[in-house]
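Listed in order, the protein sequences are those of chains P and U. Under numbering that gives the first Met the number 0, the first sequence has 172 at position 173, and the numbering climbs by one with no breaks. Under numbering that gives the first Met the number 0, the second sequence has 578 at position 579, and the numbering climbs by one with no breaks. All C-beta atoms in this analysis are idealised placements derived from N, C-alpha and C, irrespective of residue type, glycine included. Structure first, then comments.
Number of protein chains: 2
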Amino acid sequence: MAWLRYALGMAEQDRRARVAIERVTPQVDGGRFPVKRVLGGELEVEAFVFIDGQDAVQAVLQVRTEGEKDWEDLPMHRVGPDRWAGRCVPGEVGRYAYRVVGWPDRFQTWLQGLRKRLDAGLDGSLELSDGVALLHRYAETSDPPLRSQLMGLAERLPTEGLALLDENALAVVSASDPRRLATVSSVYEVVVDPARAAFSAWYELFPRSASPDQTRVGTLRDVQTRLAYVAELGFDTLYLPPIHPIGRVNRKGRNNRISAEAGDVGSPWAIGSEEGGHTSLHPELGSLDDLDRLVEAARGRGIEIALDMAFQCAPDHPWVKAHPDWFARRGDGSIKYAENPPKKYQDIFPFDFETNDWRGLWDALRDVFLFWGEHGVRTFRVDNPHTKPFPFWEWCLREVKRVHPDAVFLSEAFTRPLVAERLAKVGFTQSYDYFPWKNTKGEIEAYFSDLSRNLDFLRPSSWINTPDILSEYLQLGGRPAATVRLVLAATLSANYGVYGPVFELGEVTPREPDSEEYLDSEKYEVRHWMLEQPHSLRRLVRRVNRIRQDHPALQRDGNLRFHNTSDDAVICFTKSCDEDVVLVVANVDPTGARSAWIELDTEALGLDTGRPYQVHDMLGEERFLWSGARNLVQLDPRVQPAKIFRIRHRIRSEADFEYYT
Amino acid sequence: MAWLRYALGMAEQDRRARVAIERVTPQVDGGRFPVKRVLGGELEVEAFVFIDGQDAVQAVLQVRTEGEKDWEDLPMHRVGPDRWAGRCVPGEVGRYAYRVVGWPDRFQTWLQGLRKRLDAGLDGSLELSDGVALLHRYAETSDPPLRSQLMGLAERLPTEGLALLDENALAVVSASDPRRLATVSSVYEVVVDPARAAFSAWYELFPRSASPDQTRVGTLRDVQTRLAYVAELGFDTLYLPPIHPIGRVNRKGRNNRISAEAGDVGSPWAIGSEEGGHTSLHPELGSLDDLDRLVEAARGRGIEIALDMAFQCAPDHPWVKAHPDWFARRGDGSIKYAENPPKKYQDIFPFDFETNDWRGLWDALRDVFLFWGEHGVRTFRVDNPHTKPFPFWEWCLREVKRVHPDAVFLSEAFTRPLVAERLAKVGFTQSYDYFPWKNTKGEIEAYFSDLSRNLDFLRPSSWINTPDILSEYLQLGGRPAATVRLVLAATLSANYGVYGPVFELGEVTPREPDSEEYLDSEKYEVRHWMLEQPHSLRRLVRRVNRIRQDHPALQRDGNLRFHNTSDDAVICFTKSCDEDVVLVVANVDPTGARSAWIELDTEALGLDTGRPYQVHDMLGEERFLWSGARNLVQLDPRVQPAKIFRIRHRIRSEADFEYYT
């Protein structure tokens with residue numbers, strides 16, 4: 000009885016399995032959620048693998064793709080007294096499982112015992128016969144070629160002794176180890192996303208404002224024309240707010256007025272009308288063919304089209320009639336609209352994810368992703384995911400990735416960090432971070448240090464602005480503020496985004512003094528933009544994106560290091576990747592020039608402080624010769640409030656001359 | 000298909016369960032191992048419990064004893080935005096499971112929504128009818144008394160409104176919450192040990208050396224006589240090295256000589272002869288009746304008898320013949336003796352825990368514990384557990400605790416911390432720590448800070464000396480060293496031990512210059528001790544143990560705080576428990592007097608630095624009036640190398656006089 004109870008607790012492992020496996024990394028919540036990696040990167044797994052007594056142990060990393068039954072062995076090697084490491088370089092996007100297997104290495108144990116005896120001058124002949132027995136035992140479970148080699152070794156061991164056991168012989172023995180009484184760790188998972196999941200530059204624009212012709216509304220074809228501009232700026236993801244039919248019932252007016260006037264076009268987030276819902280296109284934007292062409296043309300320029308998934312309905316969305324039970328109701332039988340008293344959103348019906356027909360609702364929402372997936376869209380920005388259940392997302396995103404393992408989902412959850420983190424855990428590929436509200440040096444340093452703790456599962460996406468977020472800093476700081484925020488977003492984070500063309504055109508007027516929404520926002524009306532303006536920041540944007548393309552150090556997170564400066568308004572950090580070191584120094588005070596001593600952690604950067612080194616500002620195209628850790632940087636916001644230096648580790652000296660002796 | 004796969008991953012929980020539960024504490028390795036607590040203490044459980052959107056949540060802690068099916072609810076309350084805490088005060092020793100259950104609190108959600116509406120001046124009549132519907136739904140699943148109360152509330156709600164929902168009404172609603180779509184956390188376990196597991200003072204002595212009569216060997220009856228002495232010294236655990244028959248084959252001689260001479264008594268750790276094995280008593284020590292009487296007499300004085308479990312055999316142990324397959328063999332068929340080349344331990348056969356008859360062997364070893372358990376022994380010191388498999392201990396200790404849940408096991412694993420920690424995880428109650436080799440201030444501070452991280456599962460036991468460990472510090476430092484080590488062991492750790500009477504009699508001669516073993520060690524011969532000697536430390540030992548008894552702060556771990564001093568040889572720390580604050584200052588240099596400024600972290604100690612406070616040295620019976628954080632302490636090792644202060648927070652001032660105005 001007691002045996003049985005215990006055996007159940009230990010799963011299927013032999014009770015005698017002596018090897019302990021602890022602290023497997025990476026892992027999220029003990030393996031409850033997958034870690035995230037990208038194609039082209041690697042998964043480095045470590046674990047403590049150890050045993051009672053003095054016996055030798057051996058360990059392998061095992062990996063398999065989702066749905067496969069067989070595990071593939073990958074070697075692990077010792078990196079500390081009991082710490083083992085192995086690495087896996089996934090060859091495809093998808094979901095993989097991994098685990099660590101450890102076992103007593105009988106042959107090594109025997110060998111180290113014998114060596115100790117011989118070193119102590121003791122006789123080892125009895126032990127040699129133990130070795131022969133062990134080789135025979137290994138041979139029993141080996142395939143013929145290995146078996147005959149083992150038998151050969153066994154035959155020669157008594158006469159030739161340890162000299163026989165060269166590297167080749169030990170490799171044969173190791174390859175035939177029956178791994179008797181092996182211990183298997185818990186199973187962990189990793190989601191391997193496409194490379195763009197970890198490195199991307201997003202540009203958001205409203206298609207209906209993309210018309211070059213002031214007399215008509217923009218279309219998907221206009222967006223296709225705009226691709227050249229987006230590509231010139233250097234963005235790789237073009238995100239379009241919802242492109243579905245817009246509800247007419249309780250439609251909001253310009254500047255979010257309670258009711259629309261004739262001609263008001265409504266908010267794209269009020270989804271659905273008699274013209275269709277989440278799988279329809281707004282008729283004025285064009286046809287599905289236009290979309291297909293846009294997606295293809297964009298991809299031809301290295302740009303992914305990202306669609307907005309906002310899971311909510313306008314009152315005239317077809318689902319409201321077809322599936323009345325997908326919505327919660329008030330006491331009078333009317334559908335509950337969204338509300339945050341005193342604010343009412345009578346143009347928005349949220350779904351009731353706990354409805355009895357939840358399977359029908361959840362399937363329909365998953366099918367929305369799959370529908371656009373069939374039109375080539377693989378990138379989705381998800382609106383307010385934190386107001387929908389975590390288990391829905393966990394199921395839905397996994398279902399979509401089963402069909403499109405290269406899909407990328409950006410979570411727009413401006414809520415408590417715990418909630419945003421949970422959404423990342425349950426499957427979102429990227430997460431809007433709180434960068435827009437982190438403007439002082441202290442705020443930025445603290446926040447990005449916090450973020451760095453969760454990079455195994457949460458990829459921050461730093462947005463300079465969005466249609467909902469025109470920060471006070473941008474409103475008041477003018478061009479210097481815009482410049483600094485661009486440089487910071489694009490260099491602090493490997494994933495960043497900007498909402499244009501308002502950004503590059505310097506539009507910063509809020510709807511009302513305390514608002515973070517734009518005046519005459521595109522959310523509620525069609526706008527026409529003159530892109531060719533002398534004050535446009537487009538050249539700076541292009542330059543910054545070019546620098547990102549050129550520098551591997553800027554294409555990943557987790558390599559960020561802040562350095563001290565003598566001025567609280569001057570922030571200084573580096574990102575490094577192998578030899579590539581990018582140093583950013585920015586004056587976050589848009590109102591005044593600053594000179595600051597910056598103090599590089601030269602040891603961490605691997606800089607030889609005994610020699611001068613060159614720093615090259617890739618924005619201003621200036622070069623400086625620095626030496627030591629402390630150097631002076633001057634930043635005048637009216638001229639150039641931020642510098643992005645490339646650090647050249649090695650400077651020529653006279654010793655480089657051929658004739659130098 | 001996909002549904003099914005997913006459902007399996009989510010266990011039996013409803014897929015719609017929206018509440019997330021994260022970071023449940025305490026837990027060891029994600030719940031793989033139990034945490035440890037003691038009877039009289041409490042288990043404080045915390046978890047993040049949260050949900051999508053703005054809905055209210057509710058959480059309870061659930062606990063059940065091992066083997067029970069039903070969970071008992073214990074309340075949790077919010078201690079942070081999403082953090083919940085609950086506590087359980089176990090009423091019995093044993094093994095308990097606990098988990099956290101969270102669910103959307105539908106009534107609170109409704110209530111907070113309605114309040115928000117009303118606060119915003121909106122109409123709430125429709126919402127009141129929602130509330131009525133909710134009360135009816137709660138009533139459906141409630142027992143009659145609650146049901147009728149709910150129906151009463153439902154009837155009055157439309158007319159009386161929110162005023163109806165006073166504390167009592169809300170308690171009725173809360174008690175009847177059907178907890179629809181609740182989320183259940185992983186299950187964690189806690190082992191509740193007797194109080195002595197967390198606070199104990201051990202004294203080790205060799206029974207055969209306990210004879211007051213120089214002409215004969217000591218017996219268990221002599222040990223019984225010695226109880227008065229042990230009790231006078233203030234110890235609560237009397238640990239006896241193995242009391243079994245000692246092997247004659249290959250017996251070691253005095254001072255660990257390779258072979259015994261006539262009359263040599265052998266090492267008690269070479270267990271077993273034709274007179275019996277692990278469940279027999281050495282005939283010269285007495286009878287099982289003597290043992291029973293000793294255990295009972297000891298308990299009458301508040302002392303537990305601890306036996307030594309050394310799982311190994313002398314060559315003439317009965318099991319060697321009866322169970323030849325329990326031992327590994329060399330190439331010539333002989334049994335493998337213990338060996339660490341060039342050292343051979345031919346008097347010791349280790350078990351082969353992987354033998355085919357492992358079930359037979361494991362059962363027999365468990366039965367050894369149970370045998371002594373039937374003789375009233377509940378405390379076991381386990382010899383070299385790190386040379387036996389972890390899974391054996393996990394199974395065995397649990398089996399023993401199933402029968403004797405108050406059993407205490409002390410692990411003697413002087414090996415790598417990872418291995419010692421694993422043994423604590425798999426079930427050892429206490430663990431010898433590396434205190435004997437931590438003698439400088441820096442070593443002690445670093446080591447005890449390390450230990451503090453693992454207190455949820457590892458209870459350190461700090462030993463001043465053992466028959467195997469006569470540290471260089473004790474060998475060379477004389478009486479000051481012994482005094483300091485006593486004070487440090489007894490105050491740094493709630494569990495400590497000493498091997499006597501050598502300790503209090505000041506015996507410090509090693510067998511040879513580099514050895515940590517005693518000359519003429521009791522391990523290999525019978526000794527006779529004169530306890531009544533003027534230089535004995537017994538009065539100091541008694542005093543220190545008395546102070547431990549009087550001060551709750553010294554009866555637990557995890558409350559240790561080091562404070563800065565101006566001298567690297569002067570260590571300073573406090574232990575606190577509520578109002579009780581004990582301050583220890585010690586000079587770890589046994590050769591010279593030191594004066595040091597100590598700098599108390601007065602804020603952490605809750606000391607009012609605006610007023611003087613009294614410190615009372617309970618060893619020297621001196622009192623000082625201190626003020627502020629910095630005060631001078633003088634420690635002359637020839638007089639008193641350490642002080643144990645009691646801090647009196649509040650000093651009388653003139654304001655305490657009755658006539659003071």
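Query	Result
Rounded separation between U:Phe-502 and U:Arg-547 - CA only	19 Å
Neighbouring residues, chain P, relative to U:Ser-128 (Cβ below 9 Å)	Arg-329, Gly-330 and Asp-331
Start-to-end residues for the alpha helix (DSSP H) that takes in U:Gln-26	That residue, U:Gln-26, is in no alpha helix (DSSP H); it is neither H nor E in DSSP.
Neighbour list for P:Thr-386 in chain U, Cβ cutoff strictly below 9 Å	Asp-51, Gly-52 and Gln-53
Environment of U:Asn-167 [buried if 16+ CB atoms lie within 10 Å]	exposed
Contacting positions in the region 39-73 of chain P - beta carbon closer than 7 Å to chain C	Among the protein chains in the structure shown, which are P and U, there is no chain C.
Beta-carbon proximity list for U:Ile-270, same chain, < 8 Å, skipping 5 on both sides	Pro-241, His-243, Pro-244, Ile-245, Gly-246, Gly-276, His-277, Ala-309, Gln-311, Cys-312, Ala-313 and His-316
Beta-carbon proximity of U:Trp-268 to U:Tyr-238, cut-off 9 Å	no
Supposed close pair P:Val-92, P:Pro-25 - CB separation, criterion 8 Å	Incorrect: roughly 18 Å between the Cβ atoms, too far for contact.
Segment limits, alpha helix (DSSP H) that includes U:Ser-124	124-139
For U:Leu-604 and U:Ser-575, believed in contact at Cβ under 8 Å, the rounded distance	7 Å
Coarse secondary structure for P:Gln-639, derived from DSSP in three states	coil
Distance, U:Ala-489 Cα to U:Phe-413 Cα	20 Å
Close-in-space but distant-in-sequence residues of the same chain around U:Pro-589 (CB under 6 Å, 5 per side omitted)	Gly-476, Pro-479, Ala-480 and Pro-636
Rounded C-alpha distance that separates U:His-615 from U:Gly-496	26 Å
Chain U within 9 Å of P:Trp-2, Cβ atoms only	For P:Trp-2, the predicted model reports a pLDDT of 35, less than 50, meaning its position is unreliable and no value from the coordinates is stated.
Beta-carbon proximity list for U:Gln-639, same chain, < 7 Å, skipping 5 on both sides	Leu-618 and Gly-619
Own chain partners of P:Phe-234 with C-beta closer than 6 Å, once the 5 adjacent residues on each side are dropped	Ala-200 and Tyr-202
Within the region 57-121 of chain U, ranges of the alpha helix (DSSP H) (whole runs, at least 4 residues)	105-118
Span of the alpha helix (DSSP H), counted from its first residue to its last, around P:Ala-16	Run containing P:Ala-16: none; DSSP gives neither H nor E here.
Close Cβ partners of U:Glu-444 (< 6 Å) along its chain, the five nearest in sequence each way excluded	Phe-561
Chain P contact for U:Trp-394 (CB, 9 Å cutoff)	yes
Environment of P:Arg-98 [buried if 16+ CB atoms lie within 10 Å]	buried
U:Arg-377 beta carbon less than 9 Å from that of U:Ala-406	yes
Contact between the region 101-114 of chain U and the region 178-190 of chain U (3+ Cβ pairs under 8 Å)	yes
Residue of U:Leu-232, U:Asp-549, U:Met-75 and U:Asp-289 minimising C-alpha distance to U:Arg-220	U:Asp-289
U:Asp-235 in three-state terms, based on DSSP	coil
Residue span of the alpha helix (DSSP H) that contains P:Thr-482, given as start and end	471-491
Within 7 Å of chain P by C-beta, residues of the region 412-446 of chain U in sequence order	Arg-415, Leu-417, Val-418 and Arg-421
C-alpha gap between P:Trp-343 and U:Gln-53, whole angstroms	It should be noted that the sequence gives Lys, not Trp, for residue 343 of chain P. The straight-line gap from Cα to Cα measures roughly 15 Å.
Spatially closest choice to U:Gln-61 from U:Leu-284, U:Ala-297, U:Ala-84 and U:Val-425, by CA coordinates	U:Ala-84
Inside the region 356-411 of chain P only - alpha helix (DSSP H) runs reaching at least 4 residues	357-373 and 389-402
9 Å Cβ cutoff met for U:Ser-175 and U:Ser-128	no
Selection from U:Arg-114, U:Glu-411 and U:Gly-375 that minimises the alpha carbon distance to U:Ile-302	U:Gly-375
Touching by the beta-carbon criterion (3+ pairs, under 8 Å), the region 457-467 of chain P and the region 422-430 of chain P	yes
Contained beta strand (DSSP E) runs [length at least 3] in the region 494-535 of chain P, N- to C-terminal order	494-498
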